[in-house]
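Step one of this worksheet: look at the structure below.
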Amino acid sequence: MERLHPGHLDTADALDPPPGRFPPDDPFANGWDHGGVYVKPGERRSASHQAKHFDLIPFDEIQLSTAPNYAVKGLLPKLGLAVIWGPPKCGKSFFVSDLLLHVALGWAYRGRRVRQAAVVYCCLEGAEGFNNRMLAFRQAKLGEEAAAVPFYLSPTPLDLVKDHAALITSIRSVLGDMHPGVIALDTVNRSLAGSESSDEDMSAYIRAADALRDAFKCLIVLVHHCGLDATRPRGHTSLTGALDVQIAVKKAGDLTVSAIVEFNKDGPEGAEIVSRLVPVEIGTDDDGDPISTLVVEAIEGERPLISAAIQEKGPKLTDDQKLGLEALLTVTLEIGKPLPSSFGIPGNPRAVSVTSWRGELERRGIVDPNGPNPRQIYKRIHDGLCAKAKAAERDGQIWPL
């Protein structure tokens, strides 16, 4: 039997679309909407059946946009998904909270322009310690301005996949017409109920983060751990594929934190931000003992950034020499003091004692004091750096060149 064209059906009697549900050549034919969806008589198209319109811009009408598209210029975009990751206890939460407080305040960040915006920070690990950091920042850097900072802390446990709609509602309820420019989730592990290594679970998590981003047209910052492989963020690679920015944080010394831009979809890569964590007292507890925490301070100096200094042109360094130079640069940035003017060294560069540098080499495992020939290994690194004009020593003081 010949199949009837849907345009020839008597719509008064039709209950179902014809076999195959194929629309006719004429998309406005009887019984069909212009999206190619068959609609039963007396029914209205559902919202999902509404025709979607796609803008098509001719090539010669594509224009350059000069509007600011950053939260922190060259570091964080205005819209997208960023991961800031590192091993436990490396200082990443200190780094992220300080960075985002600059966004909330509209303060320039390490010489970079900042687009001021409200920040929502979901602290899902160590909320009490996080409170102390905020109080320390307030005391050290704000004074009378504290009440005006549009920085909102949420310590409420969160399953992003299940709770993202409720989070959107809560943000709208509290902020009203002031949309957040950045929403931070610290950490991925604490906001993901499933497995970080599961394609399905991580894909659902990314979709929930995208929904949060789309609701406010903002940047989502995910604070994340590394796994057994310390060279990459933990979990399924679908997260890496969805990112706009990836920043790695590592401890470069006991109180020094280094953050390196590993990936930036629409900006520069390789920038390194070095910070010092400074102990401060913020009050006393009920027993009368001091309460202390750390505040983040920029490390400024004449030296190039650590990674750039190691990669400078010149004699090729061995792996041990690179590690030794990194240790020297780090400990000099952390505790170095200007050389005495009596040394006659132009610029009075900062230096550390040979003992301090050797201690840093041992702390990093570059020289094992209990291993075979530690003195010989130290001497090989020391003499190699001095011979290749990467370091100099005098009167028990050593400094990078």
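Here the sequence shown is numbered in our numbering, starting from 1118 and rising by one per residue.
Cβ atoms here follow ideal geometry from the backbone N, Cα and C, with glycine treated the same way.
When DSSP builds the beta bridges, which residues end up paired with residue i?
i	result
R1467	P1455
Y1495	In DSSP, Y1495 forms no bridge with anything.
V1413	L1394
D1303	C1240, V1340
T1286	In the DSSP output, where bridge partners are listed per residue, T1286 has none listed.
N1490	Answer by DSSP bridge pairing: none, since N1490 is not bridged.
R1351	BP columns for R1351 are empty, so no partner.
A1072	Nothing in the structure corresponds to residue 1072, since the chain is present only between 1118 and 1518.
W1516	A1509
L1270	Y1238
I1408	G1400
E1389	I1377
L1297	Strictly speaking, residue 1297 in this sequence is Pro, with Leu absent from that position. Paired residue(s): A1235.
For residue i, count neighbouring C-beta atoms within 10 Å of its own C-beta (all shown protein chains included) and say buried if the count is 16 or more, exposed if not.
i	result
Q1180	exposed
M1251	buried
F1171	exposed
D1142	Per-residue confidence for D1142 stands at a pLDDT of 48, beneath the threshold of 50, marking its modelled position as unreliable; no derived number is given.
E1477	buried
W1224	exposed
L1345	exposed
G1405	exposed
L1173	exposed
K1209	buried
F1176	exposed
S1271	buried
Q1531	This structure does not reach residue 1531, given that the chain is present from 1118 up to 1518, and the question cannot be answered.
R1511	exposed
A1506	exposed
Q1514	buried
T1183	exposed
M1319	buried
T1435	exposed
V1291	exposed
D1303	buried
G1431	exposed
D1500	exposed
A1508	buried
H1151	At H1151, the pLDDT of 44 sits below 50, so the modelled position is not reliable; the number obtained from the coordinates is stated separately. Under this definition H1151 is an exposed residue.
P1350	buried
D1215	buried
A1369	buried
A1265	exposed
For residue i versus residue j, is the C-beta distance shorter than 8 angstroms?
i	j	result
E1313	G1352	yes
S1520	E1386	Nothing can be reported for residue 1520, as the shown portion of the chain is limited to 1118 through 1518.
S1308	L1259	no
R1227	K1190	no
W1516	A1468	yes
L1502	L1446	no
C1207	V1395	no
V1413	A1301	no
A1244	V1397	no
V1237	V1220	no
L1198	I1337	yes
A1234	L1277	no
V1522	P1194	As shown, the chain starts at 1118 and ends at 1518. That puts residue 1522 outside it, with no answer to give.
I1498	S1473	no
A1359	I1416	no
C1072	H1296	Coverage of the chain is limited to positions 1118 through 1518, which leaves residue 1072 absent and any answer about it impossible.
T1401	N1249	no
L1217	V1340	no
E1479	P1489	no
L1440	I1483	yes
P1204	A1347	yes
V1448	L1192	no
Comparing alpha-carbon positions, which option in the options lies nearest residue i?
i	options	result
H1342	C1335, L1356, L1336	L1356
W1202	Q1438, S1271, A1326, F1380	F1380
D1331	V1220, L1196, V1366	L1196
I1399	G1358, P1407, G1311	P1407
L1450	D1383, G1488, T1373, G1311	T1373
R1475	A1282, T1273, K1496	K1496
A1282	L1329, I1377, L1411, V1484	L1329
S1470	P1455, R1481, V1484	P1455
F1254	L1440, A1310, L1222	L1222
Q1438	A1504, P1466, T1286, D1280	A1504
G1246	A1265, V1266, T1273, F1211	F1211
A1321	D1280, D1294, G1293, I1288	D1280
L1273	D1383, S1315, S1287	Leu is not the amino acid found at residue 1273; the sequence shown has Thr there. Checking every option, the nearest Cα to that of T1273 belongs to S1287.
R1393	D1403, D1371, G1384, K1382	D1371
D1327	D1294, T1354, I1285	I1285
Problem - Entirely enclosed alpha helix (DSSP H) segments - the region 1177-1258, minimum 4 residues - result: 1209-1222, 1244-1254
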